[in-house]
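Please read the structure below before turning to the comments.
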Amino acid sequence: MKYTAQTTRYETMEYRRAGESGLRLPALSLGLWHNFGREADERAASSMIETAFDRGITHFDLANNYGPPPGSAEERFGAILKDRLAPYRDELVISTKAGYLMWDGPYGEWGSRKHLVASLDQSLKRLGLEYVDIFYHHRPDPNTPLEETAAALSHLVRQGKALYVGISNYKATDAKRAIELLTEAGTPCILNQVRYSLLDRSIEADGLLDAMNNRVGTVCFSPLAQGLLSSTYLGGSIPQESRATEDRFLKRKTITEEHVQLLNELDEVAQERGQSLSQMAISWLLRDERITSVLIGARSVSQLNENIDALKTNAPFTEEERAAIDGIVGRWR
Ligand code: NDP
Numbered sequence: 008m009k010y011t012a013q014t015t016r017y018e019t020m021e022y023r024r025a026g027e028s029g030l031r032l033p034a035l036s037l038g039l040w041h042n043f044g045r046e047a048d049e050r051a052a053s054s055m056i057e058t059a060f061d062r063g064i065t066h067f068d069l070a071n072n073y074g075p076p077p078g079s080a081e082e083r084f085g086a087i088l089k090d091r092l093a094p095y096r097d098e099l100v101i102s103t104k105a106g107y108l109m110w111d112g113p114y115g116e117w118g119s120r121k122h123l124v125a126s127l128d129q130s131l132k133r134l135g136l137e138y139v140d141i142f143y144h145h146r147p148d149p150n151t152p153l154e155e156t157a158a159a160l161s162h163l164v165r166q167g168k169a170l171y172v173g174i175s176n177y178k179a180t181d182a183k184r185a186i187e188l189l190t191e192a193g194t195p196c197i198l199n200q201v202r203y204s205l206l207d208r209s210i211e212a213d214g215l216l217d218a219m220n221n222r223v224g225t226v227c228f229s230p231l232a233q234g235l236l237s238s239t240y241l242g243g244s245i246p247q248e249s250r251a252t253e254d255r256f257l258k259r260k261t262i263t264e265e266h267v268q269l270l271n272e273l274d275e276v277a278q279e280r281g282q283s284l285s286q287m288a289i290s291w292l293l294r295d296e297r298i299t300s301v302l303i304g305a306r307s308v309s310q311l312n313e314n315i316d317a318l319k320t321n322a323p324f325t326e327e328e329r330a331a332i333d334g335i336v337g338r339w340r
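Residue 174 in the numbering used here sits at position 167 of the sequence shown; the count goes up by one each step and never skips.
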């Protein structure tokens, strides 16, 4: 059946400006790293994308290597876009990235001009698009001059294959240089995509948020620490359908008795706020106005809806709540 988007889709979502750019992103965006590749359930993938858009999520985040197999999340998203969302292309912000291993030989990864230009061309074919809205360099490359990487990103904007560019996984010093280079080139970096959650504060220690100086927006990935900050592991077991079962990106050995105890303590704080643990984890990130968008991943429409409802149940954190959260997280080893 033909898909028609909900007419109410812009009524409840909050939109935040990406740094000093003119682009506004939804406070929550949908990431397609897991659960959207060729091996995932096609109808569930399609339903999640439609539900997200129906609830005001205009931004969908991909990368060349998302799958499995690598490339297949872009292929599937491209097919869903063509079949369901094509009339809404101008309401969508679609991002992709290059930098991690994608094909054999010396040009299949990292940050050379050769890799970035070829990879974006491949992504556009898989997505069935003429341009992406945001193109990220996915990780810093110690062996390519940053000048070359920045020039390649800039070139792709001038070619019209990307409207905006961003960086991801850079440390503060390199991020600042990349931002300067891209500004000088007249194609500013508008977003820095970073791993940030209640449990993973490494970007605070690196000063990465401060380094953006309100000029560049911050997009957070793995906001639930890959599902740890949800109800999934509160009972102490690892459900068959969970990321820890795969034991790949989230290791089974992380689900220890001590960690389960701490997650339950966090859940108590969340319950007192009238939120689920995942909702509190999302609200905790959005408390900082420098965060442009939180990239949520989901396995099902119900997980997605629970996460979007974080906006409905959100309230400012009290001093006591902050202190309680920091005290619990401080005991995480
Ligand atoms: P999360 O930390 O939000 O983890 C998502 C996973 O958590 C889901 O797949 C699901 O796992 C579980 N989950 C989500 N919501 C709920 C819920 N309400 N209840 C129970 N479980 C829930 O984010 P991701 O690690 O998936 O990252 C999000 C996005 O960030 C990616 O899709 C990608 O776009 C981007 N990203 C970028 C990176 C980069 O290097 N730039 C790196 C990593 C991600 P399950 O049910 O399977 O346990």
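For glycine and all other residues, C-beta sits at the position ideal for the given N, C-alpha and C.
Everything numeric in this text was worked out from a predicted model, so none of it was measured.
In the DSSP assignment, find the unbroken beta strand (DSSP E) run with residue 64 in it and report its ends. According to the DSSP assignment, residue 64 belongs to no beta strand (DSSP E), since it is labelled neither H nor E.
Between 160, 44, 337, which has its C-alpha nearest residue 128's C-alpha? Taking only the C-alpha atoms, the option nearest residue 128 is 160.
Going by beta-carbon coordinates alone, are residue 28 and residue 68 separated by less than 7 Å? Going by beta carbons, residue 28 and residue 68 fall outside the 7 Å limit.
Rounded to whole angstroms, what is the Cα-Cα separation between residue 24 and residue 223? Using only the alpha carbons, I get a separation of about 10 Å.
Could you tell me whether any non-hydrogen atom of the ligand NDP is closer than 6 Å to the CB of residue 312? For residue 312, the distance from the CB to the nearest heavy atom of the ligand NDP is not below 6 Å.
Identify the residues that DSSP records as bridge partners of residue 104: which are they? Answer is 143.
With distances taken from CA atoms, which of 64, 53, 285 is nearest residue 15? Of the listed residues, the one whose Cα sits closest to residue 15 is 64.
Local conformation of residue 262 per DSSP, three classes: Coil at residue 262, not helix or strand.
For residue 34, the nearest candidate out of 134, 286, 332, 91 (CA to CA): Residue 34 has its Cα closest to that of 286, out of 134, 286, 332, 91.
DSSP on residue 45, reduced to helix/strand/coil? Residue state, collapsed to three classes: coil.
For the ligand NDP, I want to know if residue 87 counts as a neighbour, meaning its beta carbon is within less than 6 Å of at least one of the ligand's heavy atoms. No.
Tell me, please, which residues DSSP counts as bridged to residue 38. 68.
Answer with buried or exposed for residue 225, where buried requires no fewer than 16 other C-beta atoms within 10 angstroms of its C-beta. Result: buried.
For residue 134 and residue 168, which I take to be in contact (beta-carbon distance under 8 Å), what is that distance rounded to the nearest angstrom? Not really, about 11 Å apart at Cβ, beyond 8 Å.
Among 336, 218, 32, whose alpha-carbon lies nearest the alpha-carbon of residue 207? Ranking the options by Cα distance to residue 207, first place goes to 336.
Alpha helix (DSSP H) segment containing residue 200, residue limits: Careful: residue 200 lies outside any alpha helix (DSSP H), inside the beta strand (DSSP E) at 196-202.
Considering only the alpha carbon of each residue, which of 263, 304, 314, 306 lies closest to residue 340? Checked all of 263, 304, 314, 306; the closest Cα to residue 340 is 263.
When the Cα atoms are used, what is the spatial distance from residue 112 to residue 74? Cα-Cα distance, rounded: 20 Å.
Evaluate the contact criterion for the region 321-333 versus the region 55-64: three or more CB pairs, one atom per stretch, below 8 Å. Judged by Cβ distances under 8 Å, the region 321-333 makes no contact with the region 55-64, as fewer than three pairs qualify.
DSSP bridge partner residues for residue 302 (one or two, in chain order): Partner residues in the beta bridge of residue 302, as assigned by DSSP, are 36.
Which two residues bound the contiguous alpha helix (DSSP H) that contains residue 317? For residue 317, the uninterrupted alpha helix (DSSP H) run begins and ends at 317-320, by DSSP.
Report the rounded CA-to-CA distance for residue 237 versus residue 53, giving the unit in angstroms. When the Cα atoms are used, residue 237 and residue 53 turn out to be separated by approximately 23 Å.
If you check the beta carbons only, do residue 109 and residue 71 fall under 7 Å apart? Contact check for residue 109 against residue 71 passes: the beta carbons are separated by less than 7 Å.
Measure the C-alpha to C-alpha separation of residue 291 and residue 126 and round it to an integer number of angstroms. Rounded to whole angstroms, the gap between the alpha carbons of residue 291 and residue 126 is 35 Å.
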